[in-house]
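At position 212 of the sequence shown the residue is numbered 211 (numbering that gives the first Met the number 0), and the sequence of numbers has no breaks.
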Amino acid sequence: MEKKEKNETPCQTQQENINANNKNNNKLYKDFDTNADLTNNNDKDEIDNPQKEKIIQTISKEYKIPLDTIREIYNIGIIELQNENKESEYISKIKEKCKVSDDDAEDIMDIISTNARNPDAIENYKQNRELEIHTSDVIFTITYVKNQYHIQLMEDGKKLGMNYSAKKSLLTSHPQRDKDIIKLIQDLLNIDREKAKQSVAELNRKISKEYFKAVDELKTNYEKYIETIEDGDEDDENEPEAWENEDIIDKANDILNNGNPYEFIQKSTAKHHAGDEDLIKMLIIARSNQSIRNSNGLQPTINGDSGSGKSHATFTFIKHIPKKYVIEGSFSDKSFFYLGLKPPMVIVSDDTEISNSMENTLKRAMSNFQEKTEHYTVNTDRESEKLILPERSLFLLNSVEMKGGDELQNRQTSFAADNSKKQDESVFNIQQRKAMLGEIPDLADDENVLICRAMFDIYAKNLDIVVIPFADKIKWNDKKNRRNFDMFLDMVKGFTMLNFRQRKKNNSGYYIATIEDFREAEKIYHKIAVSQTTKLTKAEIKMANRISINGNAGITVNELTKSLKISDTMVRKRLNTLFEKTQIYEEEGSKGTHNENTSHYVKYKKYYLPNFNPNNIGKIVYLEGDNVDG
């Protein structure tokens, strides 16, 4: 079985890479010897599926493993691969029984995995996966895999060990791509530049005319193939999750009807993540806001130094939500629109870099929380296509510093991960407990986590209106930022929705918020009032306070670095934020040293921030009649 060389990096010229022993770009696309002789099998009872037997014999021939061993492994795989968590265990069994390397074991697993689900998929794809184009001096082969076109050169009927990868369509001109391919031809085929240029020009002409449809179909055929493979997974995806059983759902309903759902979810999360109580509370009510038709949405953003636990807090919480409502990963600017998401979706990304384009998408989605966000593009047929980001999407974006401009930050609620010594000790205790008890990362062995998933599934199937009949009695001392009051009201509504089974309805059928819901929201908001009012992170507030304390003496970057025990780069980054959001200013000066023969001067900058007192904000929100001073 011929192994196709790995489609990897754009045009490289180092000679040692030409002969590199690259692995296949995608293990699912190995060339199978579908003409393998079936008559060698003495046990005719095994040939219950001819295509399956071809695959078994092909693997046996390629990896020199006895047929009976492969049949045994194949049959084990059909059962084991129903559960993604057992893939590593299955690979270990392949290594042990077949006496092969880690890489070969993984290859065998992928072949069996794909074909056990859809035995015809690879053969169907093989017939239309590669295009060969001849020019006067060069033969090109073109494939499309993993959202990229791959162009390889051929010599003496063999593909050379390097290729050029292009994310943009080959059906449109791209001068830089042409230059790269010209250089590739010169390096690999030893053809002079002029002939290489002519070959690329001829390739482009042929693609634009006689091969236009064929090149486009490479992408179409690949996408159909992937869709076929994914369709094979549908039965697995539709299998009930661990929480989807009568006992767990009954317990979830009992808590919703008679217990304290908010407290139950909070305690379950706290069992697996120490501290950050207010952050967890906000995550809970942000999720419940996705079930409120008159909410503007709550969008918590979590920031903190590397290792502070911001990611762990988020990922622990989302494990309490059914998988079908969560998508986690890194995202390109418009990728949200291509994922086929459905409401209510939680979108999680760690240490996200937010470009201008992504920021515009996020602002639109957050501002129009109750509406779909639409994006218009052109498909491969050059026809206009409308893509959708669903309504009521919750974005959980973790970062060291707050990301995006003021407009995006005004739509978010900022939290800093707890990095205190007390928190460090609490985390350590949980780590010890998990090691002693053998708890699994998915938390699927924790009944309380499963009950939380069942409750969040019930919330997701509801979409109701919440009213706050005492809204006119709420006193608010931060009218400068109008969005903050809306955020607070949505926090109140979030607590009402968490307890919707225990809340009354008015004559219009809307759930009625209680004073208890207000008090819970009030507790959280007062913890984040400084950050919400100043739009600074906890770390930025700490630095601003340090500068302000120095008063008229000012403070230098070097002094801030030593005082706060952070890097020079981080100090300057936070100073930039303070210049945008506070009254900070700088003054330049110089310090000189003198002796009999020379004088030496060193320039420096000092920073000043007068009248910054984060503790002087006062009580932002309270009810009429409350004792504000008490």
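Ideal Cβ positions, reconstructed from N, Cα and C, are used throughout, including at glycine. Bear in mind that the values here come from a model prediction, so they are computed numbers and not experimental data.
When the Cα atoms are used, what is the spatial distance from residue i to residue j?
i, j, result
"N123", "T412", "Here N123 scores only 48 on pLDDT, less than 50, and its place in the model should not be relied on; the value that follows carries that caveat. Roughly 50 angstroms between the two C-alpha positions."
"H133", "T140", "9 angstroms"
"E586", "Y606", "7 angstroms"
"Q430", "L436", "10 angstroms"
"L169", "E216", "12 angstroms"
"P342", "R363", "16 angstroms"
"I264", "I283", "8 angstroms"
"L340", "Q185", "46 angstroms"
"D177", "N189", "17 angstroms"
"D36", "Y73", "Low confidence applies to D36: its pLDDT is 35, below 50, so where it sits in the model is not reliable, and the reading given next is rough at best. So the alpha carbons of these two residues sit roughly 19 angstroms apart."
"E86", "K98", "17 angstroms"
"E382", "Y375", "10 angstroms"
"N612", "I514", "31 angstroms"
"K534", "F394", "18 angstroms"
"M344", "Q289", "8 angstroms"
"D246", "V448", "14 angstroms"
"T33", "I54", "With a pLDDT of only 32 at T33, under the threshold of 50, the placement of this residue in the model should not be trusted; the figure read from the coordinates follows. Those two C-alpha atoms are separated by around 7 angstroms."
"D179", "K208", "22 angstroms"
"Y509", "I464", "5 angstroms"
"E61", "A285", "53 angstroms"
"K22", "K421", "Below a pLDDT of 50, predicted positions are generally treated as unreliable, and K22, at 35, falls in that range; the measurement from the model is reported next regardless. Spanning the two alpha carbons is a distance of roughly 48 angstroms."
"G258", "K218", "54 angstroms"
"S507", "A434", "52 angstroms"
Are the CB atoms of residue i and residue j nearer to each other than 7 angstroms?
i, j, result
"M496", "S287", "yes"
"F330", "L388", "no"
"D275", "A312", "yes"
"K526", "D332", "no"
"E521", "R573", "no"
"V466", "I523", "no"
"I279", "F414", "no"
"R292", "L183", "no"
"E384", "E370", "no"
"D155", "K194", "no"
"L361", "D489", "no"
"S392", "I346", "yes"
"Y637", "A459", "Given that the chain is displayed from residue 0 to residue 629, the structure contains no residue 637 and the question cannot be resolved."
"Y163", "I150", "yes"
How would you write the range of the alpha helix (DSSP H) that residue i sits in, first residue to last?
i, result
"Y148", "No alpha helix (DSSP H) contains Y148, which is instead part of the beta strand (DSSP E) from 147-154."
"L183", "174-188"
"E95", "86-97"
"S507", "Run containing S507: none; DSSP gives neither H nor E here."
"Y261", "260-271"
"L577", "567-580"
"I254", "245-257"
"E194", "Checking the sequence shown, residue 194 turns out to be Lys, not Glu. Counting along the chain, the alpha helix (DSSP H) containing K194 begins and ends at 192-207."
"S598", "Premise fails: S598 lies in the beta strand (DSSP E), 598-607, not in any alpha helix (DSSP H)."
Pull up the CB-CB distance for residue i and residue j, whole angstroms please, since I reckon it's below 8 angstroms.
i, j, result
"S547", "P468", "At roughly 42 angstroms, the Cβ-Cβ gap does not stay under 8 angstroms, so S547 and P468 are not in contact."
"I138", "E129", "That belief does not hold up - the Cβ atoms of I138 and E129 are roughly 12 angstroms apart, past 8 angstroms."
"I206", "V199", "Their Cβ separation, rounded to whole angstroms, is 11 angstroms, which puts I206 and V199 out of contact at 8 angstroms."
"G588", "Y603", "6 angstroms"
"I254", "I450", "7 angstroms"
"R452", "H319", "6 angstroms"
"V556", "R571", "7 angstroms"
"K96", "T57", "Actually they are not in contact, since the Cβ atoms of K96 and T57 sit about 18 angstroms apart, beyond 8 angstroms."
"Q531", "N483", "5 angstroms"
"A552", "L577", "No, A552 and L577 are not in contact; Cβ-Cβ is about 17 angstroms, not under 8 angstroms."
Under DSSP, the beta strand (DSSP E) around residue i begins and ends at which residues?
i, result
"D168", "The sequence as given places Ser at residue 168; Asp does not occur at that position. It is not in any beta strand (DSSP E) - S168 carries neither H nor E in the DSSP assignment."
"L386", "383-388"
"L130", "129-133"
"T555", "Element bounds for T555: n/a, residue is neither H nor E."
"H374", "372-377"
"I138", "138-144"
"L622", "620-622"
I want to see whether chain B comes within less than 7 angstroms of residue i, judged by CB atoms only; does it?
i, result
"N256", "Looking at the structure shown, chain B is missing, and only one protein chain is on hand."
- Task: Let me know the alpha helix (DSSP H) ranges lying completely inside the region 291-367, each 4 residues or longer, listed in chain order.
- Result: 309-317, 355-366
- Item | Length at least 3, wholly inside the region 441-526: the beta strand (DSSP E) runs in chain order | 473-475
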